[in-house]
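Protein chains: 2
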Amino acid sequence: MRNSVILRAMPTRKGPANSADLRSVARSSETLASIFAALGDPTRLKLVAILCAGGAFSIVQLTANTEISRQGVTKHLQVLADAGMVRNVKLGRERLWQLEPKQIEEAKRTLEIIGREWELALGKLKTFAESK
Amino acid sequence: MRNSVILRAMPTRKGPANSADLRSVARSSETLASIFAALGDPTRLKLVAILCAGGAFSIVQLTANTEISRQGVTKHLQVLADAGMVRNVKLGRERLWQLEPKQIEEAKRTLEIIGREWELALGKLKTFAESK
DNA sequence: ATATTAAGCATCCATATGGTTGCATTTCAT
DNA sequence: ATGAAATGCAACCATATGGATGCTTAATAT
């Protein structure tokens, strides 16, 4: 044996991982990545957390909870909107923002799938280490 | 009543949402955001998916599954490593990469929390809409 | 001993991102 | 009618990001 380490190389394989669920995740990897990217900023994460309370908030209200300018918040909201995670309605002179339930549900489902796959991966790693 | 729409403004409130779990998420928002950001790129998502199979792969092997250069892959792996999601071991002339079980487990747990919170938010939205 | 293979290092490039500021526009309250 | 409030629009700026390329170094195989 060339190496007595737990880590060892696997044969090169084309294509993605061999689980159907994981493949379905990979198929929409662009969309999924955009969702993760949307959450990949502290300010945006905070905005989402606030909106998670279930309400509809105006830009000034949301700005009050951050350290940045109103325009900065607007930009972040736009990013979230582009990822389809949030929607808005103009009401008089203010624009109210809330979570987009459908997309959020979709994202949550995907995260669950990934969670399950990770579980699977961890299981394999464990038996791998134990069988050493 | 000023507006007969489902959407309506909530009173401005300082501080984050009022759930203990969600607060705990917000507390580590920097770390959490870095995890999401790490997953927020199609190539990186693909790398993670491959590593989810549970193996340890060299850079050339990982590169074979992407469209970009070896150096590009190296950079992406570094991003994942910075987020603590992946680790590597130098083995002879190659460097093998695999998922970091601890961090992955942590990330998964956080995603579950967010999932639960979203559920909660959706519930509120529903009763909100129905009570109209 | 030497060619080959795997990876590292440094540089460069274009574009995206996160943020600001200043000014215009729309709506509301008095 | 007019001033204040909430946004919108556009430009600007610094830095981060995703990517390539060229050359060097370290291990391996023959």
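In order, the protein sequence lines correspond to chains A and B.
Oh and the first sequence: position 22 is 21 in numbering that gives the first Met the number 0, straight run, nothing missing.
Oh and the second sequence: position 112 is 111 in numbering that gives the first Met the number 0, straight run, nothing missing.
Ideal Cβ placement from N, Cα and C applies to all residues, glycine included.
Predicted model only: the values in this text are computed from it and were never measured.
Determine, using beta carbons only, whether residue i comes closer than 8 Å to chain A.
i	result
Q99(B)	First, the amino acid is wrong: residue 99(B) is Glu here, not Gln. Closer than 8 Å: no.
E105(B)	no
D81(B)	no
K74(B)	no
G71(B)	no
T65(B)	no
L31(B)	yes
L44(B)	yes
According to DSSP, is residue i part of a helix, a strand, or is it coil?
i	result
G122(B)	helix
Measuring only between beta-carbons, confirm whether residue i sits less than 8 Å from chain B.
i	result
S68(A)	no
R92(A)	no
Mind listing, in chain order, the continuous alpha helix (DSSP H) runs of no fewer than 4 residues lying wholly within the segment 53-100 of chain B? 58-63 and 69-81
Pairing CB atoms from the segment 48-61 of chain B with CB atoms from the segment 60-72 of chain A, are three or more of them under 8 Å? no
Okay, do the segment 71-88 of chain B and the segment 91-101 of chain A touch, 3+ Cβ pairs below 8 Å being the bar? no
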